[in-house]
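From first to last, the protein sequence lines stand for chains A and B. Using our numbering, the first residue of the first sequence is number 229, and each one after it goes up by one. Using our numbering, the first residue of the second sequence is number 229, and each one after it goes up by one. Backbone N, C-alpha and C define an ideal beta-carbon position, used for all residues, glycine too. Remarks on the structure that follows.
Number of protein chains: 2
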Amino acid sequence: MDSAAGTNEKVGFNSWCPFLISDSIQKLKEFAQKIKKIGKDDPRRVFHSLKVGLALTLISIFYYINPLFHGLGTSTMWAVLTVVVVMEYTVGGTLSKGLNRAFATLLAGALGLGAHHLAALAGDKGEPILLGVFVFMLAAMATFSRFVPEIKARYDYGVTIFILTFSLVAVSSYRVEELIKLAHQRLSTVAIGVATCLCTSMFVFPVWAGEDLHMLVAANLDKLACFLEGMGVEYFGEKMESGSLEGKSFLQSYKTVLNSKATEDSLANFARWEPGHGRFGFRHPWNQYLKIGAVTRTCACSIEALNAYISTLQQSHQTTTDLEFKQKVQAACAEMSKETGKALVELATSIREMKWSSTAGKHLAMATEAACRVKALVPTENSTLLEVLVSATTASLLTEVVRCTNPIIASVEELSRLAEFKWPEHGRKAGAVKPIASAESPPQVVIVIEK
Amino acid sequence: MDSAAGTNEKVGFNSWCPFLISDSIQKLKEFAQKIKKIGKDDPRRVFHSLKVGLALTLISIFYYINPLFHGLGTSTMWAVLTVVVVMEYTVGGTLSKGLNRAFATLLAGALGLGAHHLAALAGDKGEPILLGVFVFMLAAMATFSRFVPEIKARYDYGVTIFILTFSLVAVSSYRVEELIKLAHQRLSTVAIGVATCLCTSMFVFPVWAGEDLHMLVAANLDKLACFLEGMGVEYFGEKMESGSLEGKSFLQSYKTVLNSKATEDSLANFARWEPGHGRFGFRHPWNQYLKIGAVTRTCACSIEALNAYISTLQQSHQTTTDLEFKQKVQAACAEMSKETGKALVELATSIREMKWSSTAGKHLAMATEAACRVKALVPTENSTLLEVLVSATTASLLTEVVRCTNPIIASVEELSRLAEFKWPEHGRKAGAVKPIASAESPPQVVIVIEK
Numbered sequence: 229m230d231s232a233a234g235t236n237e238k239v240g241f242n243s244w245c246p247f248l249i250s251d252s253i254q255k256l257k258e259f260a261q262k263i264k265k266i267g268k269d270d271p272r273r274v275f276h277s278l279k280v281g282l283a284l285t286l287i288s289i290f291y292y293i294n295p296l297f298h299g300l301g302t303s304t305m306w307a308v309l310t311v312v313v314v315m316e317y318t319v320g321g322t323l324s325k326g327l328n329r330a331f332a333t334l335l336a337g338a339l340g341l342g343a344h345h346l347a348a349l350a351g352d353k354g355e356p357i358l359l360g361v362f363v364f365m366l367a368a369m370a371t372f373s374r375f376v377p378e379i380k381a382r383y384d385y386g387v388t389i390f391i392l393t394f395s396l397v398a399v400s401s402y403r404v405e406e407l408i409k410l411a412h413q414r415l416s417t418v419a420i421g422v423a424t425c426l427c428t429s430m431f432v433f434p435v436w437a438g439e440d441l442h443m444l445v446a447a448n449l450d451k452l453a454c455f456l457e458g459m460g461v462e463y464f465g466e467k468m469e470s471g472s473l474e475g476k477s478f479l480q481s482y483k484t485v486l487n488s489k490a491t492e493d494s495l496a497n498f499a500r501w502e503p504g505h506g507r508f509g510f511r512h513p514w515n516q517y518l519k520i521g522a523v524t525r526t527c528a529c530s531i532e533a534l535n536a537y538i539s540t541l542q543q544s545h546q547t548t549t550d551l552e553f554k555q556k557v558q559a560a561c562a563e564m565s566k567e568t569g570k571a572l573v574e575l576a577t578s579i580r581e582m583k584w585s586s587t588a589g590k591h592l593a594m595a596t597e598a599a600c601r602v603k604a605l606v607p608t609e610n611s612t613l614l615e616v617l618v619s620a621t622t623a624s625l626l627t628e629v630v631r632c633t634n635p636i637i638a639s640v641e642e643l644s645r646l647a648e649f650k651w652p653e654h655g656r657k658a659g660a661v662k663p664i665a666s667a668e669s670p671p672q673v674v675i676v677i678e679k
Numbered sequence: 229m230d231s232a233a234g235t236n237e238k239v240g241f242n243s244w245c246p247f248l249i250s251d252s253i254q255k256l257k258e259f260a261q262k263i264k265k266i267g268k269d270d271p272r273r274v275f276h277s278l279k280v281g282l283a284l285t286l287i288s289i290f291y292y293i294n295p296l297f298h299g300l301g302t303s304t305m306w307a308v309l310t311v312v313v314v315m316e317y318t319v320g321g322t323l324s325k326g327l328n329r330a331f332a333t334l335l336a337g338a339l340g341l342g343a344h345h346l347a348a349l350a351g352d353k354g355e356p357i358l359l360g361v362f363v364f365m366l367a368a369m370a371t372f373s374r375f376v377p378e379i380k381a382r383y384d385y386g387v388t389i390f391i392l393t394f395s396l397v398a399v400s401s402y403r404v405e406e407l408i409k410l411a412h413q414r415l416s417t418v419a420i421g422v423a424t425c426l427c428t429s430m431f432v433f434p435v436w437a438g439e440d441l442h443m444l445v446a447a448n449l450d451k452l453a454c455f456l457e458g459m460g461v462e463y464f465g466e467k468m469e470s471g472s473l474e475g476k477s478f479l480q481s482y483k484t485v486l487n488s489k490a491t492e493d494s495l496a497n498f499a500r501w502e503p504g505h506g507r508f509g510f511r512h513p514w515n516q517y518l519k520i521g522a523v524t525r526t527c528a529c530s531i532e533a534l535n536a537y538i539s540t541l542q543q544s545h546q547t548t549t550d551l552e553f554k555q556k557v558q559a560a561c562a563e564m565s566k567e568t569g570k571a572l573v574e575l576a577t578s579i580r581e582m583k584w585s586s587t588a589g590k591h592l593a594m595a596t597e598a599a600c601r602v603k604a605l606v607p608t609e610n611s612t613l614l615e616v617l618v619s620a621t622t623a624s625l626l627t628e629v630v631r632c633t634n635p636i637i638a639s640v641e642e643l644s645r646l647a648e649f650k651w652p653e654h655g656r657k658a659g660a661v662k663p664i665a666s667a668e669s670p671p672q673v674v675i676v677i678e679k
């Protein structure tokens with residue numbers, strides 16, 4: 229495409245038109261491929277879309293079948309509204325929203341009726357004022373309750389619906405005479421909507437949040453294992469330092485684990501609403517998955533530190549002596565890496581098949597043994613060397629922290645230029661902070677230093 | 229409370245009653261204190277709650293003032309509904325939801341009218357069928373579009389409202405004769421609702437998502453600095469190893485940085501909708517904050533690795549020799565830690581005051597110098613020792629990864645018990661994997677090993 233644009237550049241407007249069209253076609257094609265990929269990555273998404281269409285069409289039947297329509301009046305639109313708003317991707321999401329909506333409507337409807345009766349006692353003039361005060365107070369209090377973390381996590385949607393229904397019932401009561409009929413209609417249409425959603429969601433290709441969480445936690449363990457096993461072969465293995473690790477896919481996959489908390493929390497929250505299904509009982513310990521997720525992320529952090537250190541090492545061109553000590557450490561590292569990887573794969577399989585196996589412990593015991601072997605390489609009587617090693621390791625880790633601060637300075641400096649921060653008025657000259665990794669490599673970060 | 233319960237235990241039902249009441253009172257008191265704390269932590273939450281109440285009361289006026297009510301009919305409830313659903317904590321959130329709602333209603337209303345005209349051509353019998361097909365197709369397509377990440381991030385709410393309005397207009401058209409009037413009513417009430425929300429949100433104690441993001445990014449840098457400066461004084465400083473670091477608050481504060489991605493993403497997303505305000509222009513580079521956030525989290529990960537290593541060291545009781553080498557490394561570490569901390573504080577201040585200062589670079593240069601000093605402690609001609617140090621550091625980092633895998637095994641094992649995974653049928657005996665930190669400390673994780 230680009231070369232075509234280059235040749236057409238000076239030919240005039242007429243030759244631009246087909247180019248613009250073909251460009252649009254190209255973009256449309258790309259978009260279509262993106263859409264196709266999204267569907268292919270998880271075909272349940274296509275089914276979900278069809279399910280929403282199905283539920284909405286089912287609800288529309290209430291408009292077509294006359295007797296039902298006459299019974300419920302124009303309130304039927306509440307049913308349509310409920311289906312659109314309540315229908316979520318996972319069963320747990322739909323259940324959580326549906327139950328929140330149904331109970332909040334019930335509670336707020338009853339309170340609204342109470343408020344109406346109370347306000348009626350104040351006479352024709354006092355009624356609207358009193359209703360206004362009620363609405364203000366309840367809306368303010370309910371909104372504030374959403375800041376309580378426990379309520380926010382589980383009942384956020386219910387509180388919204390509570391405020392909504394109370395306001396509608398309380399405010400309508402001033403106009404609409406048949407208040408009880410209205411409340412009753414609203415409740416039954418919401419119930420019909422929620423029931424439709426639940427049936428479609430649970431009985432037509434259901435997507436269970438619990439199962440997704442179960443699989444996600446196992447997949448995250450696999451990603452860490454993938455890094456460690458890759459390292460064991462490619463870096464610590466016999467091929468070591470034969471080539472750069474850059475561009476290897478196994479180096480990247482674990483990174484998504486670091487930011488998995490939000491997804492896990494939301495899946496666990498939905499999973500708690502789900503009834504027992506397949507291999508998961510109603511009181512399945514979903515919280516434990518969050519705990520596994522937390523320790524997995526801690527491990528991913530350690531891996532990140534290791535990866536960062538190794539990348540830095542690879543960039544610096546060190547003289548390599550074929551040291552016996554080094555080879556031994558290398559071999560032990562290869563074993564630690566591979567065995568830990570195997571242990572993690574074992575754990576992931578154990579979760580996936582819901583079958584405990586102690587093999588993971590055995591693999592980790594072997595990794596631990598290899599770690600002890602490294603320690604033993606330094607003769608215990610020579611406590612001086614051991615202390616040197618410990619201090620050096622601490623210093624290396626701290627050096628890594630210092631190195632990580634470089635990009636922070638660079639990105640804040642970029643912000644200061646983009647957002648037009650104030651700059652010191654006296655002149656400035658460009659200096660360079662050398663990266664720590666090696667003296668030979670070119671400076672990576674340029675920091676401006678005042679004259 | 230507990231001791232009171234103990235003495236009352238055998239006295240019978242009558243003495244239980246006052247206990248139950250005082251227990252409830254105690255719980256209520258605790259809850260009230262929690263609520264109070266939430267309000268005190270961020271008083272803007274209280275203002276927000278009052279603002280929602282205010283906006284709802286303002287909208288209710290439409291019911292009280294008769295001429296307006298007669299003009300818009302029962303659709304006024306759409307205005308109430310809009311206020312409840314659109315009003316968000318931040319201006320950006322309200323704007324994003326409000327604009328999404330307004331434009332989606334407009335677009336879907338127009339499409340719904342078109343669908344109605346098209347379906348009318350099919351005759352009395354074909355019309356409901358055709359409308360049903362339209363609703364099914366549009367709902368399915370729109371729902372699928374929500375899986376596209378870009379649409380999900382910015383227009384998720386708009387798509388929901390689009391499906392909702394289209395279904396309502398298309399389905400209602402079969403019954404309600406005055407379709408155009410309905411669409412017009414709905415649009416004007418939604419516009420009134422959105423306008424009320426925007427005015428209350430922007431002009432009464434506004435909470436800007438952009439400013440929150442700005443402050444959050446600076447606060448996260450401060451948290452990392454807090455750890456490093458604390459380490460510089462308490463661990464690497466002269467007091468070193470005099471006492472355990474456990475329970476020190478500076479060791480914990482950086483941990484929240486690790487999980488800050490979701491909050492930052494959502495704030496940045498809302499900030500993009502906000503008009504210029506205070507020190508922030510309309511096209512303020514919000515994306516750059518996300519970049520700073522990402523490198524800050526990488527640095528937090530390094531800090532986590534350092535912290536984990538130091539904690540492990542502290543648990544193992546090493547023999548301490550007052551080595552000259554060690555003391556020198558120690559001093560350099562103290563400088564690295566303090567100077568990096570200062571650099572981060574400087575960056576945070578620079579962001580907060582929107583005033584670039586090169587002091588951060590100077591501090592980091594000093595930290596880098598200290599890091600080089602550590603390297604120089606190992607004589608360059610003695611490349612063997614250098615290589616030993618590098619291999620040992622890699623091994624230490626990897627050992628840390630192995631150590632992190634221990635809690636993963638323990639938590640998966642707990643899951644396997646809680647969720648009643650299958651266990652191998654032949655007997656099992658308890659074995660113990662020793663933690664790596666030291667041979668003396670008791671085993672931390674018990675792993676069951678088959679016979």
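Query                                                                                                                                        : Result
Sub-8 Å separation of residue 327 of chain B and residue 502 of chain B beta-carbons                                                         : no
Chain B within 8 Å of residue 246 of chain A, Cβ atoms only                                                                                  : no
Status (buried if at least 16 other CB within 10 Å, exposed otherwise) for residue 345 of chain A                                            : exposed
Which listed residue (A:393, A:374, A:391, A:392) has its alpha carbon closest to that of residue 682 of chain A                             : Given that chain A is displayed from residue 229 to residue 679, the structure contains no residue 682 of chain A and the question cannot be resolved.
The stretch 622-634 of chain A / the stretch 592-606 of chain A touching (three or more Cβ pairs under 8 Å)                                  : no
Below-8 Å beta-carbon distance, residue 385 of chain B vs any chain A residue                                                                : no
Classification of residue 277 of chain B by the beta-carbon crowding that lies within 10 angstroms, buried from 16 upward                    : buried
Residue range of the alpha helix (DSSP H) that includes residue 582 of chain A                                                               : That residue, residue 582 of chain A, is in no alpha helix (DSSP H); it is neither H nor E in DSSP.
Cβ pair residue 381 of chain A, residue 515 of chain A closer than 8 Å                                                                       : no
Range of the contiguous alpha helix (DSSP H) that encloses residue 599 of chain B                                                            : 587-605
Contact with chain A by residue 580 of chain B, beta-carbon distance below 8 Å                                                               : no
Residue 269 of chain B versus residue 266 of chain A - alpha carbon distance                                                                 : 42 Å
Proximity winner among B:554, B:462, B:456, B:353, relative to residue 565 of chain B (alpha-carbon distances)                               : B:456
Three-state secondary structure assigned by DSSP to residue 512 of chain A                                                                   : coil
Interfacial residues, the stretch 517-529 of chain A to chain B, with Cβ spacing under 8 Å                                                   : 517, 519, 520, 523, 524, 525, 526, 527, 529
Cβ shell of residue 436 of chain B (< 8 Å), same chain only, five flanking positions each side left out                                      : 318, 319, 320, 499, 502, 505, 506, 508
Segment contact flag, the stretch 333-348 of chain B with the stretch 409-418 of chain B, C-beta cutoff 8 Å, min 3 pairs                     : yes
CB contact below 8 Å: residue 443 of chain A versus chain B                                                                                  : no
Exposed unless 16 or more other CB atoms sit within 10 angstroms - verdict on residue 520 of chain A                                         : buried
Amino acids of chain B, ordered along the chain, whose beta-carbon sits closer than 7 Å to that of residue 395 of chain A                    : 284, 308, 312
Beta-bridge partners of residue 650 of chain B, as assigned by DSSP                                                                          : A:583
Euclidean distance between Cα positions of residue 567 of chain A and residue 460 of chain A                                                 : 9 Å
Where the alpha helix (DSSP H) through residue 414 of chain A begins and ends                                                                : 407-431
Beta bridge counterpart(s) of residue 276 of chain A as assigned by DSSP                                                                     : DSSP output for residue 276 of chain A lists no bridge partner at all.
Backbone CA spacing between residue 352 of chain A and residue 360 of chain A [nearest angstrom]                                             : 14 Å
Exposed unless 16 or more other CB atoms sit within 10 angstroms - verdict on residue 257 of chain A                                         : exposed
Cα-Cα separation, residue 510 of chain A to residue 279 of chain B                                                                           : 40 Å
Pick from A:272, A:647, A:627, A:582 that is closest to residue 651 of chain B, judged by C-alpha positions                                  : A:582
Interface partners of residue 391 of chain A on chain B, CB under 8 Å                                                                        : 280, 284, 312
Beta-carbon proximity of residue 314 of chain B to residue 454 of chain B, cut-off 8 Å                                                       : no
Beta-carbon contacts of residue 408 of chain A that lie in its chain and below 6 Å, excluding the five residues immediately before and after : none
Cβ-based neighbour list, residue 492 of chain B, same chain, cut-off 8 Å, excluding 5 preceding and 5 following                              : 441, 444, 445, 517, 518, 521
Close beta carbons around residue 239 of chain A, own chain, < 8 Å, minus the five adjacent residues each side                               : With a pLDDT of only 46 at residue 239 of chain A, under the threshold of 50, the placement of this residue in the model should not be trusted; the figure read from the coordinates follows. Here the set comprises nothing.
Euclidean distance between Cα positions of residue 630 of chain B and residue 596 of chain A                                                 : 7 Å
Buried versus exposed call for residue 679 of chain B [16 or more other C-beta atoms within 10 Å across all chains shown]                    : Low confidence applies here, because residue 679 of chain B scores a pLDDT of 32, under 50, leaving its location unreliable; read the following figure in that light. So residue 679 of chain B counts as exposed.
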